[in-house]
Amino acid sequence: MYPVIRGVSYVLVHTPDMVLHNGTTQILERETNPDSEYLKVIRNHLRSYDDVVAYPVNQTYIGNIEPEELANLERPWFNKKVEEASRYGRFGEIMPEDEFYGLMKVCDVFDLVKLEKNFTQELKIKFENNKYLVELSKRLKEGYEKDEIDKLVEDGVAEGLYLNDKLVGCVKRAHEYDINLSAHVITENLAVKASGVLAALHIMEKANINREEIDYIIECSEEACGDMNQRGGGNFAKAIGEIAGLKNATGCDVRGFCAGPAHALLYASTLVQSKVFKNVLVVAGGATAKLGMNGRDHVKRECL
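Taking numbering that gives the first Met the number 0, the leading residue of the sequence shown gets 0, the next gets one more, and so forth.
Set out below in structure tokens:
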């Protein structure tokens, strides 16, 4: 008779190069103080993917460690590692940066993401061997020549995608004049969409829900999409549902900064209780703008 939460999923995406090239703190530092000591040493303070997977807090987040077990671990936690830690947990996974670029590509329906040919072929193999991504592998296409990508970035019409400081792709602007569709904003938006799709794919499995059963989607991240005529009025929810295969669902976005999910759950429960919809998916993608947001303090304190 009352709304219930049928399941949850939590995903993390390790994007060290996006910290350097897409995080708001680092972008502003580069523009206002390009010779800063912070920019010179930040790379030394970024974790490897293996270290990120082994971080006890991350293992707790994806469900491999109980919160009580983490609480009993001696602090500080940032210098601790979990032996034989797994990428996958009962709630979700920790995705590496290269696969995330591939996921951004498959979420791009306007051919704005261009990944280098050899890099694309490597991604196809990984996607085809990943049960969550195999259905999306064909959307990677064949990739592009490195020279074409280099020129787009050099001409300022595309935002670079880097892997270990090597340019492997880019995201083009969606409009020549609309700043809401600049390469940087489109990169932010596609990162939200891709990480939201990943979370949606996991919840379908974790909660054992048929994708066709989802009636409505509420997306509640901290980003917004739209153009100069409807700034922030776009719809991540339906865009995520399209890629995740939720073909019977419509939806909308709800915004409330960090409290967005609380508002979204409130709305979802009322929709179910009122019998407007039976199965409502609440989902949120990540915000690249927040990458490295407290980086200066972490570097000062020698936190990794």
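The beta carbon of each residue, even a glycine, is placed where N, CA and C say it ideally should be.
- For L114, the beta-bridge partners assigned by DSSP are G168.
- Note: A157 is bridge-paired with K171 in the DSSP secondary-structure output.
- For I4, the number of other beta carbons within 10 angstroms of its own is below 16, and it is reported as exposed.
- In the DSSP annotation of this structure, G22 is not part of any beta strand (DSSP E), being labelled neither H nor E.
- In the three-state DSSP reduction, G259 falls in the helix class (H, G or I).
- Taking a cut-off of 8 Å on C-beta distances, the segment 245 to 264 touches the segment 215 to 232, as three or more cross pairs fall below it.
- The DSSP-derived three-state label of C106 is helix.
- E218 is bridged by DSSP to D252 and V282.
- Between E141 and K113, the gap from beta carbon to beta carbon reaches 8 Å or more.
- Annotation for S194: the continuous alpha helix (DSSP H) segment containing it runs A182 to K205.
- Annotation for F126: G101, L132, V133, L135, S136 and L139 place their beta carbon closer than 7 Å to its own, counting only its chain and skipping 5 residues before and after.
- Out of L151, A199 and R172, the CA that lies nearest to the CA of L166 is found in L151.
- If you look at H297, you'll find it in the alpha helix (DSSP H) that goes G294 to K299.
- Between F235 and K171 the beta-carbon gap is near 20 Å, outside 8 Å, which marks them as no contact.
- Annotated three-state conformation of E68 is helix, per DSSP.
- With respect to L189, M103 sits close: the two C-beta atoms are nearer than 8 Å.
- Taken through DSSP and simplified to helix, strand or coil, Y9 comes out as coil.
- The C-alpha of L197 lies about 7 Å from the C-alpha of V10.
- DSSP lists no bridge partner for Y131.
- At a Cβ-Cβ threshold of 8 Å, E96 and I61 do not count as neighbours.
- With contacts defined by Cβ atoms closer than 8 Å, L290 and N21 form a contacting pair.
- Straight across, the Cα-Cα distance linking M203 with A283 is about 15 Å.
- DSSP links L162 through a beta bridge to K165.
- When A267, L270, G225 and T14 are compared, the shortest CA-CA separation from F99 is found for T14.
- The shortest CA-to-CA distance from V81 to any of K205, N63 and T249 is the one to N63.
- Taking the CA atoms as reference points, R254 sits about 28 Å from E28.
- Within the segment 40 to 98, the runs of alpha helix (DSSP H) at least 4 residues long that lie entirely inside it are, in chain order, 48 to 53, 55 to 60 and 66 to 70.
- Assignment of Y100 by DSSP, reduced to helix, strand and coil, places it in the helix class.
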